[in-house]
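One structure below.
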Amino acid sequence: MAKSKVKRKQQSYQLVDGSAAKKLKTEQMTLTVTVTPRSLNTVVPEEDLEITVDTLKALAENPSLIKSKACKDLRTAVFDFRKACTTGFNAADRGLVEARILLAEMRIRGQKPKLGALCRWVRDLDVISGLAEQREGRAQRTAAQAETLQVLDAILRVTGPVDYTRDDDSALDGEGEGPMVVRKAWDLRDDRSRKMVYDSVIDGTLPSSMPASITSRFRIIETTPGPQRNPPNHHPAILHASQDNTIVFSSPPPKTTHHKHPVVPNLHLMRDVLSPEECGQIIGAAEKIGFTPDAPVRAEGEDGENSILAHNFYWIADEAFCNGVWKRVEPFVPARVGGKKVRGLNRRFRVYRYVPGAEYRAHIDGAWPPSGILPDDTYQYDASLPGAKQSSLFTFLIYLNDEFDAGETTFFLPGPREGTMHAYSVKPIQGSVALFPHGETEGSLLHEGTGVRRGDKPSAKYVIRTDVEYDVDPGRD
Numbered sequence: 001m002a003k004s005k006v007k008r009k010q011q012s013y014q015l016v017d018g019s020a021a022k023k024l025k026t027e028q029m030t031l032t033v034t035v036t037p038r039s040l041n042t043v044v045p046e047e048d049l050e051i052t053v054d055t056l057k058a059l060a061e062n063p064s065l066i067k068s069k070a071c072k073d074l075r076t077a078v079f080d081f082r083k084a085c086t087t088g089f090n091a092a093d094r095g096l097v098e099a100r101i102l103l104a105e106m107r108i109r110g111q112k113p114k115l116g117a118l119c120r121w122v123r124d125l126d127v128i129s130g131l132a133e134q135r136e137g138r139a140q141r142t143a144a145q146a147e148t149l150q151v152l153d154a155i156l157r158v159t160g161p162v163d164y165t166r167d168d169d170s171a172l173d174g175e176g177e178g179p180m181v182v183r184k185a186w187d188l189r190d191d192r193s194r195k196m197v198y199d200s201v202i203d204g205t206l207p208s209s210m211p212a213s214i215t216s217r218f219r220i221i222e223t224t225p226g227p228q229r230n231p232p233n234h235h236p237a238i239l240h241a242s243q244d245n246t247i248v249f250s251s252p253p254p255k256t257t258h259h260k261h262p263v264v265p266n267l268h269l270m271r272d273v274l275s276p277e278e279c280g281q282i283i284g285a286a287e288k289i290g291f292t293p294d295a296p297v298r299a300e301g302e303d304g305e306n307s308i309l310a311h312n313f314y315w316i317a318d319e320a321f322c323n324g325v326w327k328r329v330e331p332f333v334p335a336r337v338g339g340k341k342v343r344g345l346n347r348r349f350r351v352y353r354y355v356p357g358a359e360y361r362a363h364i365d366g367a368w369p370p371s372g373i374l375p376d377d378t379y380q381y382d383a384s385l386p387g388a389k390q391s392s393l394f395t396f397l398i399y400l401n402d403e404f405d406a407g408e409t410t411f412f413l414p415g416p417r418e419g420t421m422h423a424y425s426v427k428p429i430q431g432s433v434a435l436f437p438h439g440e441t442e443g444s445l446l447h448e449g450t451g452v453r454r455g456d457k458p459s460a461k462y463v464i465r466t467d468v469e470y471d472v473d474p475g476r477d
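Residue numbers are given in full-length UniProt numbering: position 286 of the sequence shown equals residue 286, and the series is strictly consecutive.
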């Protein structure tokens with residue numbers, strides 16, 4: 001052990017000064033962001049771990065020293081370590097009661113988790129609301145499912161305000177019953193007839209109506225093999241890019257209108273952003289080229305339920321289309337948030353197809369930089385200009401069809417009673433856009449893509465997820 005300490009001390013002297021220390025620090029930060037560690041040694045050398053264990057044991061034997069000023073940073077690090085060992089891991093390992101206790105402690109202390117931790121806790125729970133199952137008359141929630149929803153409620157109470165509104169019209173309302181109170185759906189549909197989009201996909205009329213040249217106007221610019229994805233997947237991630245004006249805009253354009261949800265904070269719906277013809281072109285092109293399944297690789301021996309996911313078509317939209325859509329919605333998007341100026345849409349459009357049984361379980365969206373394409377046709381994950389970093393602050397969710405039953409986007413807020421959430425659903429409308437915040441701990445909305453209802457004939461929901469980009473640094477023009 002002494003040998004390890006001496007060796008570590010020598011390394012410290014070698015790296016304390018000069019560019020080597022800066023380089024090491026930079027490399028470590030990059031590793032943390034871009035790579036999921038598979039073993040302890042990739043993060044902490046064995047000798048460092050031994051020193052840490054010896055140090056903690058020595059302090060435990062001399063508790064009077066722990067309160068000294070010299071141990072201030074250590075106390076902070078130990079507290080963060082304790083939270084990581086409990087709150088996050090208990091959620092993943094189903095230690096649900098312990099997780100709720102620790103979350104309550106965080107509320108009492110006024111502590112806010114970082115956004116990454118918040119997203120990870122929700123993801124570890126892999127919560128299904130049960131709304132789709134109950135509507136279809138399937139089995140009611142189990143005790144374990146109800147308890148998981150209560151943990152989700154506890155997470156929301158750490159980060160957001162409580163919803164005290166009442167909804168006497170809700171058929172499923174019951175303020176003292178169960179972990180979820182379903183509120184009246186937000187339905188802005190009018191009497192316009194709905195196009196039977198998926199019928200035309202099934203019988204082949206929609207894909208065959210696409211110009212023969214449509215596939216040649218798309219190209220693959222990047223393919224990530226399934227095992228190299230994060231997390232690993234049974235299927236590759238394929239990025240398609242389109243030439244300018246591949247999707248032809250309708251003339252005249254639809255008249256876009258803006259609506260704000262009466263309860264859910266900063267939830268907006270913009271109607272008629274895309275015309276039915278424009279939506280049909282996108283679906284037809286994606287179906288003709290082909291959607292890709294999404295099936296994450298589960299760890300050996302891992303049990304429990306996991307989401308049945310949608311098929312995807314990842315599309316780096318051409319600038320002509322992206323800018324044209326932005327022009328229609330820009331008047332309704334916040335020009336600045338916290339002094340950060342809006343810059344436009346992320347060109348990375350994620351087109352999803354959901355069939356009955358496929359749903360996007362409760363989650364909080366992560367922030368994205370503005371993606372682009374380099375002159376050599378290479379995909380550029382972050383196309384921010386030098387010295388002008390951008391990151392998204394709003395989800396931009398486009399509904400491409402609406403003839404299916406159910407399939408709402410459902411948002412969750414903590415209700416007045418501890419352990420009970422309020423569920424607010426948004427009815428999809430073809431060509432409309434749901435706009436809601438993400439990217440910061442406070443204000444990011446927990447939501448799910450509730451499942452499409454099973455019927456007598458096949459059905460599916462098509463949506464596009466992209467993002468609204470803002471300057472990272474406030475005050476820029």
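All C-beta atoms in this analysis are idealised placements derived from N, C-alpha and C, irrespective of residue type, glycine included. None of the values given here were measured: they were computed from a predicted structure.
What number of angstroms, rounded off, separates the C-alpha of residue i from the C-alpha of residue j?
i	j	result
residue 471	residue 342	7 Å
residue 281	residue 316	16 Å
residue 313	residue 115	27 Å
residue 55	residue 110	30 Å
residue 186	residue 260	10 Å
residue 154	residue 468	29 Å
residue 363	residue 275	29 Å
residue 143	residue 194	39 Å
residue 432	residue 80	42 Å
residue 473	residue 338	10 Å
residue 131	residue 214	39 Å
residue 456	residue 271	29 Å
residue 408	residue 356	12 Å
residue 216	residue 207	14 Å
residue 174	residue 424	The predicted position of residue 174 is uncertain, since its pLDDT is 44 and thus under 50; a value taken from the coordinates is nonetheless stated next. C-alpha separation (whole angstroms): 14 Å.
residue 44	residue 77	15 Å
Along the alpha helix (DSSP H) that carries residue i, what are the first and last residues, could you check?
i	result
residue 145	143–159
residue 221	Note, residue 221: premise wrong, no alpha helix (DSSP H); beta strand (DSSP E) at 218–224.
residue 198	197–202
residue 117	115–125
residue 444	Looking at the DSSP string, residue 444 is not in any alpha helix (DSSP H), and its letter there is neither H nor E.
residue 209	205–209
residue 100	96–109
Have a look at the options and flag the residue whose alpha-carbon is nearest the alpha-carbon of residue i.
i	options	result
residue 352	381, 292, 338 and 424	292
residue 82	102, 212 and 95	102
residue 336	230, 390 and 275	390
residue 441	239, 119, 251 and 448	119
residue 106	141, 142, 156 and 150	156
residue 476	388, 432 and 427	388
residue 396	417, 365 and 373	365
residue 273	439, 48, 398 and 72	398
residue 140	122, 166 and 180	180
residue 346	393, 361, 376 and 331	393
residue 192	183, 165, 430 and 117	430
residue 331	233, 257 and 376	257
residue 117	402, 235, 439 and 68	439
residue 178	148, 328 and 67	148
residue 376	127, 222 and 48	222
Could you give the first and the last residue of the continuous beta strand (DSSP E) run that contains residue i?
i	result
residue 471	461–471
residue 449	447–449
residue 260	257–260
residue 437	433–437
residue 65	That residue, residue 65, is in no beta strand (DSSP E); it is neither H nor E in DSSP.
residue 214	Element bounds for residue 214: n/a, residue is neither H nor E.
residue 425	421–426
residue 182	180–182
residue 238	237–242
Spatial neighbours of residue i within its chain, please: CB distance less than 7 Å, with the 5 preceding and 5 following residues excluded, ordered by chain position.
i	result
residue 163	263, 413, 414, 415 and 422
residue 151	91, 96, 99, 100 and 125
residue 319	244
residue 384	369, 370 and 390
residue 349	315, 317, 464 and 466
residue 266	436, 437 and 443
residue 255	272
residue 247	278, 281, 282 and 321
residue 69	none
If I measure Cβ to Cβ from residue i and keep anything under 6 Å in the same chain, skipping five residues before and after, which residues do I get?
i	result
residue 158	103, 106 and 107
residue 404	452, 459 and 461
residue 283	400 and 462
So, for residue i: in the same chain, excluding its five sequence neighbours on each side, which residues have a beta-carbon less than 8 Å away from its beta-carbon?
i	result
residue 6	In this prediction, residue 6 scores a pLDDT of 41, lower than 50, which makes its location untrustworthy; the coordinate-derived value is nonetheless stated afterwards. There are no such residues.
residue 122	152, 155, 362, 363, 364 and 446
Unbroken stretches of the beta strand (DSSP E), 3 residues or longer, contained in the segment 263–314:
268–271
Only counting runs of 4 or more residues, tell me where the alpha helix (DSSP H) segments fall wholly within the segment 316–368, in order along the chain.
319–329
Jot down the residue ranges of each uninterrupted alpha helix (DSSP H) in the segment 368–410, minimum 4 residues, whole runs only, in chain order.
none
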